[in-house]
Amino acid sequence: MSLVGSSCPEISAMAYFDGKIETIDLSNFKKFWKLIYFYPGDFTFVCPTELAELASKKCDFDEHKVVVFVISVDSPYVHKAWDDSELSKMINTRFPYPMLSDQDGSIGKRFGVYDEKTKVNLRGAFIIDPDDVIQAMTILASSVGRSISEIIRQIQALQFARENNEVCPASWKPGEKALIPGADLVGSVYHYWKMGTISDEGA
């Protein structure tokens with residue numbers, strides 16, 4: 005079931021962040037763009053590569069004013085142990101985002117990513133706008149890692165479309181032209197869009 009276009013489910017959970025264990029309530033971040041990033045578990049194989057890449061892109065998320073939260077079924081104490089023993093060695097600093105604990109899978113269930121068979125959350129990523137509406141979601145099997153660059157591209161496109169009332173074609177990147185919806189464009193996109201380029205008429 006797709007959650008795109010629906011309100012973000014409520015999230016309040018214990019988390020490990022910046023050396024401390026505390027409660028994080030996403031209702032305090034309703035006016036921000038958010039990335040909710042589920043992963044199967046600490047001390048696994050693909051997950052540390054994903055979180056290391058996520059950490060390496062912090063400047064990009066900060067630039068676009070996106071607040072990032074990562075969530076697994078591990079306790080906040082296991083999050084701390086994992087950050088201390090492995091993650092911090094991969095990124096040469098503490099992990100820069102709150103690591104939320106979903107030990108009973110209740111958060112994952114609300115987002116449709118909790119796997120009852122394995123008792124872990126699948127690789128789900130949800131982009132939430134400042135109105136607290138889910139604008140994008142992807143869910144991958146646990147055997148395949150995600151591209152953080154593609155998630156950032158989606159955020160850039162969603163922000164551009166929201167701010168400019170235009171629509172972004174396939175593989176759109178910042179600086180490229182978008183499309184302006186209108187009657188003249190119906191059945192005529194091929195006049196304006198040629199595999200990554202848009203003529204001035206369609207922009």
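Counting from 5, one number per residue, gives the positions in the sequence shown under the numbering used here.
Backbone N, C-alpha and C define an ideal beta-carbon position, used for all residues, glycine too.
Computed from a prediction, not measured in an experiment: that's the story for all the values here.
When Met5, Ser6, Ser105 and Ser110 are compared, the shortest CA-CA separation from Phe73 is found for Ser105.
Looking from the CA of Trp37, the closest CA among Cys51, Gln158 and Ala174 belongs to Gln158. Annotation for Ala56: Leu91, Met94 and Ile95 place their beta carbon closer than 8 angstroms to its own, counting only its chain and skipping 5 residues before and after. Residue environment: Met5 is assigned as exposed (fewer than 16 neighbouring CB atoms within 10 Å of its CB, all protein chains considered). Setting aside the 5 residues that flank it on each side, His68 is surrounded in the same chain by Trp37, Ile156, Ile159, Gln160 and Gln163, each with a C-beta closer than 8 angstroms to its C-beta; the list follows chain order.
Pairing Pro100 with Met18 gives a Cβ-Cβ distance that is not under 8 angstroms.
Fewer than three Cβ pairs drawn from the segment 166-176 and the segment 40-49 lie within less than 8 angstroms of each other, which leaves the two stretches out of contact. Taking all protein chains shown into account, Gly112 has 16 or more neighbouring C-beta atoms within 10 Å of its C-beta and is therefore buried. The Cβ atoms of Arg150 and Arg127 lie closer than 8 angstroms to each other. Cα atoms of Asp88 and Met103: separation of roughly 13 angstroms, rounded to the nearest angstrom.
Its chain contains Pro44, Gly45 and Val77 as the residues whose beta carbon lies nearer than 6 angstroms to that of Val124, once the 5 sequence neighbours on both sides are disregarded; these appear in chain order.
Around the beta-carbon of Tyr194, fewer than 16 other beta-carbon atoms lie within 10 Å, marking it exposed. Judged by beta-carbon spacing, Lys35 lies within the 8 angstroms limit of Pro134, meaning their Cβ atoms are closer than that value. When the Cα atoms are used, Val8 and Lys24 turn out to be separated by approximately 33 angstroms.
In the DSSP assignment, Asp29 falls within the unbroken beta strand (DSSP E) covering Lys24 to Asp29.
Here Val137 is near Ser11, since their CB atoms are less than 8 angstroms apart. Beta-bridge annotation (DSSP): Gly128 is paired with Ile143. The beta-bridge partner set that DSSP reports for Phe42 consists of Ile75. Buried is the label assigned to Glu54, since at least 16 other Cβ atoms lie within 10 Å of its Cβ. Assignment of Val148 by DSSP, reduced to helix, strand and coil, places it in the coil class.
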